[in-house]
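Remarks on the structure that follows.
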Amino acid sequence: MKNDDPILLYYAAPAYSTTKDHKKALSTLERALKAFDNGPYAKEAEMADFRKEIEDAIKKEKASIG
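As numbered in our numbering, residues 1 to 66 make up the sequence shown, in order.
Okay, here's the thing in structure tokens:
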């Protein structure tokens with residue numbers, strides 16, 4: 001079963017990063033961002049900071065990959 005809750009995906013990604021699987025972490029974060037944009041959180045102004053956190057984490061993982 002595929003869980004597309006952006007909050008769960010965001011917090012699951014570091015587990016991959018710590019095992020040096022940065023590509024899996026990146027794909028998980030990208031999935032979180034897509035789920036965020038397509039879900040109810042995108043309409044909530046107070047969640048804008050969370051979206052920024054996801055984007056920052058994506059940049060960090062891309063830098064880790066090279």
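Ideal placement from N, C-alpha and C gives every residue a C-beta, glycine not left out.
request  = Could you give the DSSP three-state label for residue 19: helix, strand or coil?
outcome  = For this step, residue 19 is matched to residue 19 along the sequence shown. Here DSSP, grouped into helix, strand and coil, assigns residue 19 to coil.
message = If I measure Cβ to Cβ from residue 53 and keep anything under 8 Å in the same chain, skipping five residues before and after, which residues do I get?
response = Taking the first residue of the sequence shown as position 1, residue 53 is located at position 53. 10.
ask   = Span of the alpha helix (DSSP H) holding residue 63?
value = Residue 63 sits at position 63 when you count from the first residue of the sequence shown. Element bounds for residue 63: 48-65.
ask   = Applying the criterion that 16 or more other CB atoms from any shown protein chain within 10 Å of the CB defines a buried residue, is residue 44 buried or exposed?
value = In the sequence shown, the residue the question calls residue 44 occupies position 44. Exposed is the call here.
query = Under a three-way DSSP split, which group does residue 44 fall into?
reply = Translated into the one-based positions of the sequence shown, residue 44 becomes position 44. In the structure shown, residue 44 adopts coil according to DSSP, grouped into three states.
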